[in-house]
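Here is the structure we will look at, set down as structure tokens.
Numbering (the working numbering), first residue to last: 4 to 295.
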């Protein structure tokens, strides 16, 4: 959750909150949000509602993405969220991609030759502009991937090889329509990339100012892919920069990042702390929100 104020026509963030609830953990196996993840996600929304009240939020917008687009118990979850004080809009992949592009663009002026990659829990988005043909959504988010391709603790080398093979194939096939596109750089947004930057900078306290613009070579990203794949969850959690709750999902996330950079022949990754939340904010200001 991102809370902001409007001052002299400009939006200024004032508070951020995040809870990793693993909503898509059982989606591939059951088609539903699992009972534990359902309760944890509603609990997170209830906590966000308390923070909105404490901060005197006037208007808000809550958006559901890949997991809620496909979950069979979506309506049950939306009713529970509303009972917790938060009305959730389930947005299509096209709007998710556009909002992500706009959020990153506001920070980095994403232009032709820029590929934005947003690795979520249920889906992974590739965005290269604001037109319909400029975005591709693949159902390979890290939570769904962990359900499809479970990793032991620590993962076995064959499990990592299998996961990398799967992501290489899914990303190559899923982006086949972009075979003639060429990209100079990739901007990574959302938790996998911000955690990767925090790890690379050995951050003991998360600082968005030090995350934005942090750049890494493909070799640097591969280094972290190899290092983290050798560790247990507890060992990863002890590393400076590792976000609690991310230790289980960071390996499939980085495997996806490497697969995408290799697929498009991109040698440089730039990390953005801004993303879909920053893209949603202007819409609230322009009337697409709910009264607090």
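Backbone N, C-alpha and C fix where the C-beta goes; we use that ideal spot for every residue, glycine too.
Remember, predicted model here, so these are calculated numbers, not experimental data.
Three-way DSSP call (helix, strand, coil) for residue i in this model
i           : result
residue 204 : coil
residue 46  : helix
residue 35  : coil
residue 55  : helix
residue 276 : coil
residue 151 : helix
residue 220 : strand
residue 13  : strand
residue 91  : strand
residue 192 : strand
residue 60  : coil
residue 24  : coil
residue 105 : helix
residue 187 : coil
residue 233 : coil
residue 19  : strand
Length of the line joining the Cα atoms of residue i and residue j
i           : j           : result
residue 233 : residue 11  : 50 Å
residue 256 : residue 87  : 31 Å
residue 152 : residue 96  : 24 Å
residue 278 : residue 21  : 14 Å
residue 136 : residue 225 : 30 Å
residue 79  : residue 185 : 43 Å
residue 207 : residue 44  : 26 Å
residue 15  : residue 53  : 21 Å
residue 243 : residue 209 : 10 Å
residue 178 : residue 139 : 7 Å
residue 158 : residue 286 : 42 Å
residue 266 : residue 220 : 15 Å
residue 161 : residue 62  : 49 Å
residue 2   : residue 130 : No answer is possible for residue 2: the residues shown for the chain start at 4 and end at 295.
residue 197 : residue 182 : 28 Å
residue 223 : residue 203 : 9 Å
residue 56  : residue 5   : 14 Å
residue 104 : residue 276 : 13 Å
residue 154 : residue 64  : 35 Å
residue 82  : residue 229 : 42 Å
residue 176 : residue 251 : 26 Å
residue 173 : residue 146 : 16 Å
residue 148 : residue 195 : 14 Å
Continuous beta strand (DSSP E) stretch holding residue i: start and end
i           : result
residue 182 : Neither: residue 182 is in no beta strand (DSSP E) and is coded neither H nor E.
residue 7   : 5-10
residue 137 : Note, residue 137: premise wrong, no beta strand (DSSP E); not H, not E.
residue 266 : Premise fails: residue 266 lies in the alpha helix (DSSP H), 253-267, not in any beta strand (DSSP E).
residue 214 : Run containing residue 214: none in the beta strand (DSSP E); it sits in the alpha helix (DSSP H), 211-214.
residue 74  : Segment: none, residue 74 is in no beta strand (DSSP E) and carries neither H nor E.
residue 65  : 65-67
residue 128 : 127-130
Beta-carbon contacts of residue i that lie in its chain and below 8 Å, excluding the five residues immediately before and after
i           : result
residue 150 : 27, 28, 29, 30, 31 and 32
residue 35  : 29, 74, 75 and 76
residue 188 : 116, 117, 118, 269, 271, 272 and 273
residue 167 : 258, 261 and 262
residue 264 : 189, 221, 224, 270 and 272
Cut-off 7 Å between Cβ atoms - residues of its own chain near residue i, not counting five sequence neighbours on either side
i           : result
residue 200 : 214, 217 and 274
residue 23  : 248 and 249
residue 231 : 239, 253, 254 and 257
residue 163 : 232
residue 235 : 156 and 157
residue 165 : 152
Limits of the unbroken alpha helix (DSSP H) element including residue i
i           : result
residue 156 : Here residue 156 belongs to no alpha helix (DSSP H), and DSSP marks it neither H nor E.
residue 236 : 236-240
residue 78  : 77-86
residue 121 : Premise fails: residue 121 lies in the beta strand (DSSP E), 117-122, not in any alpha helix (DSSP H).
Contacting residues, own chain, Cβ-Cβ under 6 Å from residue i (five flanking each side not counted)
i           : result
residue 67  : 91 and 93
residue 49  : 87
residue 246 : 198
Anticipated Cβ contact below 8 Å, residue i with residue j, distance rounded
i           : j           : result
residue 121 : residue 39  : Incorrect: roughly 25 Å between the Cβ atoms, too far for contact.
residue 144 : residue 127 : 6 Å
residue 58  : residue 84  : Residue 58 to residue 84, Cβ: 19 Å. No contact.
residue 142 : residue 125 : 7 Å
residue 89  : residue 51  : 7 Å
residue 260 : residue 171 : Not confirmed; about 12 Å, so no contact.
residue 133 : residue 102 : Their Cβ separation, rounded to whole angstroms, is 10 Å, which puts residue 133 and residue 102 out of contact at 8 Å.
residue 47  : residue 284 : About 19 Å separates the two Cβ atoms, so there is no contact after all.
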